[in-house]
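Just below is one structure, and these are the notes that go with it.
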Amino acid sequence: MFLQSVINFKQNLDRIFSVKAKTMILVIVLFLLQSFIFIYFLYKDINELDAIREQKLLSQVENIIQKTLSDTNIFYTNRGYANLNSQGISQAIISKDQNALKNLSFKRWEILQKENPFLKDMRFYDEKLYLIYCFNDELKDIKFTSDFFKFKQKLYYKVSTPLVENGMIKGYIEFILDAKYFLEKISSISNTSAVFSDKFINTKDIIIKLDDKNYIAVAYDKNESRQVVKNMIYSTLFIVFCVLLAIFFVINYGFNVLIKRLEDLNLSLEIRVKDEIKRRMKKEEEYLQNERILMHQSKLALAGEMISSIAHQWKQPLGELSAVFLKIQVLLLKGKLSDNVLQKELDKSENITNFMAKTIDDFRYFFVKDKEKENFSVNFCVKEALKFMSSTISKNDIEIAFTHKYEYFIYGYPREFIQVLLNLLTNAKDILVENKIEHKKIEILVLKEDKRLKIIIIDNGGGIKTEPLEKIFEPYFSTKDKKNGTGIGLYMSKMIIEKKFGGELNAVNLHNGAKFEINI
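Residues in the sequence shown are numbered consecutively from 39, following the working numbering.
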């Protein structure tokens with residue numbers, strides 16, 4: 039019942055609102071939404087700018103405080119040493135002569151007060167930090183303390199200079215400044231006000247730590263930024279209102295033209311999309327066709343190795359078969375060919391021809407296309423590839439070392455995997471022969487590492503001279519002459535491993551050869 043009511047309400051709305059009205063409402067809603075988003079990001083940007091200004095002010099004030107502290111320490115330390123080096127001052131401190139300290143330092147005290155009105159006292163201590171004399175009696179009860187200290191609810195800062203004779207401290211001269219000196223520096227340089235606080239308080243001011251007990255709170259006025267935000271929001275809302283009015287009239291007047299243009303544009307886009315789809319499909323088909331051609335060329339490139347292996351494996355059986363026929367002929371001519379001997383020789387020839395037929399079947403297995411993926415043994419594929427290349431390996435006197443701990447299985451197309459192995463082994467064989475290596479050797483390792491299967495083929499052929507090394511995997515690139523290489527074997531091997539097995543094929547140079555590594 040409720041669902042029917044909703045449907046009826048929607049139908050009534052559809053009758054009330056025309057397409058034009060719906061479009062206008064949609065555009066207005068979208069524009070309002072965009073305006074609110076703009077206002078939100080505007081507000082956010084201003085807040086971020088405000089935070090940057092606040093951080094900049096904080097950094098500026100910290101720099102002012104650190105520089106003022108450094109300058110103050112240097113200045114009054116130098117003044118302290120100057121006073122200690124004055125005639126009679128050191129002796130007066132050691133002898134704890136108050137009158138001498140007063141008379142000898144009074145003029146210097148007056149000069150220093152005129153230089154800095156925030157200087158409140160100049161004091162003299164003995165080696166045990168007992169006060170000998172001070173110029174400000176109001177501060178005479180102050181004990182020798184940390185740099186910043188409070189006395190009678192006021193914050194002060196002191197700079198102490200030791201009197202050292204013969205490597206031993208004999209006393210101190212100390213200058214005490216009203217800590218408001220630092221507030222005045224902050225105010226004069228950064229044009230902002232600051233106050234002291236004896237604890238960290240959560241306020242809107244900027245808090246800077248002087249030491250474990252004292253802080254400076256720097257006033258930061260955000261009213262200006264807030265007023266800027268308000269003014270920009272009001273301006274934006276006014277602009278939004280004006281634009282909405284303009285949109286209303288523009289849509290009302292040009293709706294039909296707009297729809298017509300949209301329809302034309304839509305038709306044009308549909309045609310372009312169809313053309314693009316056709317173009318891409320054609321390009322994809324051409325790519326697949328080229329890949330099939332390359333795959334076929336890669337197999338044809340290996341056909342020579344196959345034929346050479348067949349010839350090698352048939353050489354001995356053909357000789358034996360010829361010997362059988364020759365024996366039958368001789369026995370026949372001598373009249374000594376009995377039925378038993380004939381049958382025995384025929385059985386022998388049948389075994390020979392069966393072996394030759396099996397050899398053909400083995401090579402035909404390689405050229406039959408895989409129909410479906412299957413779980414197959416990597417070790418078996420390595421052995422098959424070595425069997426296919428047995429003649430050329432034997433002919434070129436190449437030592438083969440195949441190392442594997444277990445029987446490893448992967449999922450995919452076994453014949454294509456054998457093709458990859460044949461390409462890599464042929465490549466290794468060619469480089470060994472080309473460089474005339476005396477002790478030719480190819481190592482094959484199958485192992486599992488970090489849940490990935492690795493098939494590694496290493497030769498001692500002197501390495502790959504191509505730079506960069508990855509260039510050897512480009513189509514039709516070959517380091518051999520045109521008679522001995524097509525330049526597609528390594529490219530197709532990389533494509534098969536990456537696309538058919540989801541793995542990687544990489545090559546690196548070793549100290550005396552090259553290493554090809556398959557990771558699946």
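Think of the CB as a built atom: it goes at the ideal place given N, C-alpha and C, for glycine as much as any other residue. Fair warning: this is a prediction, and the values are worked out from it, not measured in the lab.
Nearest residue (CA-CA) to residue i, options the options
i      : options                        : result
Asn413 : Ser429, Gly450, Met427, Glu323 : Gly450
Leu80  : Asn269, Asp313, Met530         : Asn269
Ile431 : Phe447, Tyr194, Leu470         : Leu470
Asn123 : Ser133, Leu142, Thr110         : Leu142
Lys553 : Lys492, Lys208, Lys152         : Lys492
Thr441 : Ile482, Leu424, Ser428         : Ile482
Ser73  : Ser198, Phe113, Phe276, Lys192 : Phe276
Ser531 : His549, Arg490, Asn557         : Asn557
Asp497 : His549, Arg490, Glu487         : His549
Lys190 : Thr199, Asp179, Ser184         : Asp179
Glu476 : Thr464, Leu462, Gly500         : Gly500
Ser133 : Tyr163, Leu157, Phe287         : Tyr163
Gln98  : Leu215, Thr230, Ile112         : Thr230
Pro513 : Ile448, Ile526, Tyr114         : Ile526
Leu507 : Glu301, Asn547, Phe113, Ile207 : Asn547
Arg161 : Lys192, Ile127, Lys188         : Ile127
Leu282 : Leu70, Lys537, Thr504          : Leu70
Asp185 : Asp175, Thr199, Glu176         : Thr199
Ser273 : Lys486, Leu87, Ile77, Leu303   : Ile77
Gln265 : Asn85, Val484, Lys188, Gly551  : Asn85
Pro452 : Asn465, Asn417, Ser429         : Asn417
Tyr168 : Leu193, Asn154, Ile211         : Ile211
Leu485 : Met533, Gly551, Lys503, Glu555 : Glu555
Ser108 : Asp83, Tyr195, Tyr119          : Tyr195
Residues bridged to residue i (per DSSP)
i      : result
Ser415 : Phe447
Phe187 : Tyr194
Ile495 : Ile482, Phe554
Pro200 : Tyr210
Leu169 : Tyr163
Leu439 : At residue 439 the sequence reads Ala, which differs from the Leu that was named. DSSP output for Ala439 lists Glu481 as bridge partner(s).
Ala545 : Phe554
Glu487 : Arg490
Helix, strand or coil at residue i [DSSP, three-state]
i      : result
Ile239 : Since pLDDT at Ile239 reaches only 42, below the 50 mark, its modelled position is unreliable, and the value read off the structure follows with that caveat. Ile239 falls in the coil class under three-state DSSP.
Glu476 : coil
Ala217 : coil
Leu193 : strand
Asp179 : coil
Gly205 : coil
Glu555 : strand
Asp385 : helix
Asn522 : Below a pLDDT of 50, predicted positions are generally treated as unreliable, and Asn522, at 48, falls in that range; the measurement from the model is reported next regardless. In the structure shown, Asn522 sits in coil (DSSP, three-state: anything other than H, G, I, E or B).
Asn378 : helix
Glu153 : helix
Glu560 : No information on residue 560 is available, as it lies outside the stretch 39 to 558 that the chain covers here.
Lys365 : helix
Lys537 : helix
Lys134 : coil
Lys503 : coil
Contact under 8 Å by Cβ, residue i with residue j
i      : j      : result
Ile102 : Lys223 : yes
Leu528 : Phe539 : no
Glu26  : Ser415 : The shown model of the chain, from 39 to 558, leaves out residue 26, and the question about it has no answer.
Gln136 : Tyr171 : yes
Lys474 : Asn434 : no
Phe213 : Val197 : yes
Ile63  : Ile285 : no
Leu359 : Ser387 : yes
Ile495 : Leu543 : no
Phe220 : Thr106 : yes
Ile422 : Ile448 : For clarity, residue 422 is Glu in the given sequence; the question names Ile instead. Contact flag unset, no.
Glu165 : Ile207 : yes
Asn111 : Arg146 : no
Assumed close pair residue i, residue j - CB separation to whole angstroms, cut-off 8 Å
i      : j      : result
Ile480 : Ile436 : 6 Å
Leu459 : Cys419 : 6 Å
Gly209 : Ile131 : 4 Å
Ile366 : Leu380 : 7 Å
Phe173 : Asp216 : That belief does not hold up - the Cβ atoms of Phe173 and Asp216 are roughly 14 Å apart, past 8 Å.
Leu177 : Lys152 : About 19 Å; that fails the 8 Å criterion.
Arg117 : Leu150 : 7 Å
Proximity test, residue i beta-carbon vs the ligand GTP heavy atom, cut-off 7 Å
i      : result
Val420 : Looking for the ligand GTP in the displayed structure turns up nothing, as the structure carries no ligands at all.
Cβ of residue i within 8 Å of any chain C Cβ
i      : result
Ala217 : In the structure shown, chain C does not exist; there is a single protein chain.
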